[in-house]
Every structure is written in structure tokens, then in C-alpha cells.
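Below: one structure, written as C-alpha cells.
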Amino acid sequence: MHRFERKQNIFRNKDALNESYQPDRIEERDEEIEEYMEALQPVVDGWEPNNIFIYGNTGVGKTAVTDYLLERLQKDVSSYDDLELSVISLNCKTLNSSYQVAVELVNELRPTGREISSTGYPQQTVFKKLYEELEAIGGTILIALDEIDSIGDRDELLYELPRARANGKLESTKVGVVGISNDFKFREQLDPRVQDTLCEREIQFPPYEAPELENILESRAEIAIVDGAIEQGVLNFCAALAARDSGSARQALDLLRLAGEIAENREANHIERAHVETARSQLEQERVEEGMRELTPHGRLALLAVASRSAKEETPCRGRDIYTEYVTLCESSGSEPLTQRSVHNHLSDLRMLGILSASENRSGSRGNYYSYELDVPFSSAVEAMADVLRLDSEIDTIRRMAAINDVV
DNA sequence: GCTCCACAGGAACCCGAGGGGG
DNA sequence: CCCCCTCGGGTTCCTGTGGAGC
């Protein structure tokens, strides 16, 4: 007989560890909040808003603080009847050009049914539509663009928006842009004219230090987890791991949440260090699988080529040898091989994703080159691709080779 | 101390699939 | 119908690199 039973020996309110949870109080970011408020002050005073650029790694509170302050600002502004403030927030993660961001903004502002399609128009046409929508709203408009770095170097919108008023594109509307970026190199690569305007006010969110992370974890754990269900030193351990890796509160909270789930599944009464260890390797695994799922067919073939070399205990090995392996795999799967340059691109993508690691070889007259090897367990690399490629027999061979050579 | 290997990675371009709009 | 737009993934061509060996 099957039966569901409520388990509540670990969690009291697990949601408090989720990304979407909004805590009442934001911990350890007092200085940044103060600076941020100062940058937003002109809105309350009725002047043209500052453009603000926020940067810092993922999980250091940029988005949380922005959401909190913009909400606060709207509330506080509403008590002055001569001020009209609208806030538009957009996450640009999946939008990789100014064009797409502009389309998305227009569609955000338009009622359902009147949206525009995401291709087809000349860029300026889309900008014009955007200005029309903004002008129709009037007052002060703050546009918060989260993960803005994903537009890469196609940053025309960031040039246009802050200048819209000066260029006569907008009459009655004052626009302020808040750009949020995970990548502080993004700032450098921006057109200098964009830097001038967009980065009028810059606020940097530094990574959290271990003690700060521990405070954050403590305050969340109080809400999320049953009293006494955390063993001594576990929070400290989570904080230390996250601080060493990324300084991200997101990561620290994920670790704690997953460790809790593992503890629960093992029917333990409290979360132990060992659960955190397991949680860490699981999260790492998930991250890698995520990366592999999004590979293009040739990206997969390139990875499989490395896996194949690895099965024969021939890694680390250089790009040239991977390429020949890749070509034979292409032939067996009946697809046209790409040029060496393209495979080289795939290898470097895989390196960025942390799936491959590369060591530089400087051998003078015999050239400089990278030696690649798998940076993930052999089995997870092969597993992740087995279902997609029409290479079952080849993959079997690779597996058998691996078994003989005892590769894992 | 100069040369030069053999790769890394940037730049410019190409192509076909998405979709305008007159 | 024709010519316009963007975009992703691909090419082609090219320059930069650092120390072993002359």
C-alpha cells in the first residue's frame, strides 16, 4: 500500500531558501543600499533621473536590492501628487541584442494582442515604437535591465535611451536606465559614450565574505529550518564553501537547501556536514549537465571526441588529435565535419562551461597549444549525450574501452 | 639574439531561416 | 511579388604568441 506521509523533521518553511523568496530585511548590504538610494534621490526631487550601473557576481544581492529599493521608491513617491513614476523591470538573460531588448520592452508596454514580432523590423523602427509607448506613459520612467551583459557588444539601446530626451525623441517623459550586470568586464567593452551616460552612477556589489554569508544563512535558516535540526558548524561550512567559490549567497542557500533535502531523504534528524558535501557535488553535477544539454550537435561531437580519447587513456591531448577523432565520429554519424577552426571554437566553449580543462603547452619551436581533458567524470559526459546522437554503437565502444582502461 | 612552429582567437563575411511591409 | 530586417552558426583569412633550437 502506498501512502504519503508528511515529513517535517528538517524544514519548517523551505521557501525561505528559494531564489524567489524576498526577505523582510536585506542583510550585509547597508553601504550599497545607501549609495543606491542616493543615486535614486533625483527621482523623488523631481529631476531627471540618474542612469545607474550596478555590477557584481551572481548572488551578491544586486537584483534583490534593486527590487526592494524600486518598490520602496514607488511607494514613497506616491505620497507626492506632483510626481508620476513608472518602473519597468526586464531580465535580459535570453535577449542577446539591443534589438531584442527593445522589442521585449515594447511588448511589455503594449496590451496583449498588440505585441510586435521579434524579427523583421529595422532597428530604428523598433526604437521608434518604444519611444511612442514611453511617451504615452509620461512622467518619470525607470527601466531596470537585469543581466544586461547578455546583449554583448550590441549596445545601441544603451546609447539611445539615455539620450532620447536630449535628441528630441521624448518630450514629456523622463527616462532613467538601471543596468545590472554580472560581468564587470562588460563595462569596459561598452562604447565610451555609453559608459559616460549609463555609468553616471556606478555601484559595485562585492562578493560576500564567509562571515557575511554565515549571517545570511543564519537569518534564513531561522525561518526555514526546524530548531536544532542543523548540526554545529554546518552553516559555517556552507558559508566557507560558497565564499571560496563565488561569494554568492545564492550558492550558499542552494547548498543548505539541498543538504536539507538530502538529510530528509536519509531520514536523518539533522543536517550534517556530510550532507553538505553530497549537496555540493550534486549541484556541481547539475551545473555541468545543464551546460551539456545546451550544446549544439557539433559541440556534442567535439565533447564526445574528447571522451573517446579519454576512454583510451590518451588525454590530455591537443586540439589537432581531437579534431581527427572528431572527424571519424562525424563520419560514423553521417554528418559533415566542420572545419578545424569551428571545432576549435567548440572546444573553447566547452572550456568556458567548465566541461573541459585545458593546460597550455609552450614548446617553443614546436609551437604553443592547449592540451584538453575532461573536467567532469567520464561517465556523466557520456551519459549526457547518449540519448541524442545516432552513435549508439560508437558510444558502446567508447564505454568498453573505458572499462578496459578503468576510466571513470 | 633571431627565427619560426603550430597553435589561439579576432574580424569580416556568408547563408538560410525567421519575419516585416509596400 | 520583391526587397528589407535580424540572428545563429558556419566559413575564410589573418595576426599574435613565447621559448627551443639554430
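Count along the first sequence from 1, add 21, and you get the number used in this note's numbering.
All residues carry an ideal CB built from backbone N, CA and C; glycine is no exception.
Quick caveat: nothing in here was measured; it's all calculated off a predicted structure.
Residues in its own chain within less than 6 Å of I416 by CB, not counting five upstream and five downstream? A407
Between the CA atoms of E209 and Q43 - distance to the nearest angstrom: 32 Å
Own chain residues within Cβ distance below 8 Å of P232, not counting five before or after: A260
Opening and closing residue of the beta strand (DSSP E) in which K150 lies: Where K150 is concerned, there is no enclosing beta strand (DSSP E), although the alpha helix (DSSP H) it sits in stretches over 144 to 158.
Beta-carbon contacts of Y120 that lie in its chain and below 6 Å, excluding the five residues immediately before and after: Q144
How many angstroms separate the CA atom of E305 from the CA atom of P228? 20 Å
Identify which residue in Y76, P398, C338 has its Cα closest to the Cα of E168. Y76
Runs of 4 residues minimum, wholly inside the segment 276 to 325: which ones carry the alpha helix (DSSP H) assignment? 294 to 314
Reduced DSSP category for K114 - H, G, I as helix; E, B as strand; rest coil: coil
How is D45 classed by DSSP in three states: helix, strand or coil? coil
Measuring alpha carbon to alpha carbon, tell me which of V215, G189, I158 ends up nearest R175. V215
Can you list, in chain order, the residues of its chain whose CB lies under 6 Å from that of E293, leaving out five sequence neighbours each side? E252
Cα-Cα separation between G312 and H319, rounded to whole angstroms: Computed Cα separation, rounded: 14 Å.
Mapping the DSSP letters down to three states, classify Q253 as helix, strand or coil. Q253: coil per DSSP, three-state reduction.
Residues that G197 bridges to, as DSSP identifies them: L163
Which stretch, first to last residue, makes up the alpha helix (DSSP H) that contains A245? First-last of the alpha helix (DSSP H) with A245: 231 to 245.
What residue range is occupied by the uninterrupted alpha helix (DSSP H) comprising N39? Looking at the DSSP string, N39 is not in any alpha helix (DSSP H), and its letter there is neither H nor E.
Rounded to whole angstroms, what is the Cα-Cα separation between Y393 and I162? Cα-Cα distance, rounded: 49 Å.
Stretch-stretch touch, CB-based, cutoff 8 Å, three pairs: the segment 65 to 79 with the segment 190 to 199: yes
To the nearest angstrom, how far is it from the Cα of A405 to the Cα of M58? Distance between the alpha carbons of A405 and M58: 46 Å.
Are there three or more Cβ pairs, one per stretch, closer than 8 Å when the segment 370 to 387 is compared with the segment 317 to 333? yes
Take the Cβ of R241 as the centre, count every other Cβ of all protein chains shown within 10 Å, and call the residue buried at 16 or more, exposed below. buried
If you drop the 5 nearest sequence neighbours on each side, which residues of the same chain put their C-beta closer than 6 Å to that of A60? N71, I73, R222, listed in sequence order.
Starting from N128, trace the alpha helix (DSSP H) both ways and give me its first and last residue. 119 to 130
Would you tell me roughly how many angstroms separate the C-alpha atoms of L350 and G173, rounded to the nearest one? So the two alpha carbons sit approximately 33 Å from each other.
Considering Cα atoms alone, identify which of A402, Y344, F258 is closest to R314. A402
Quick check: S193 and C113, are their CB atoms within less than 7 Å of each other? Judged by beta-carbon spacing, C113 lies beyond the 7 Å limit of S193, meaning their Cβ atoms are not closer than that value.
From W68 to E125, what distance separates their C-alpha atoms? 27 Å
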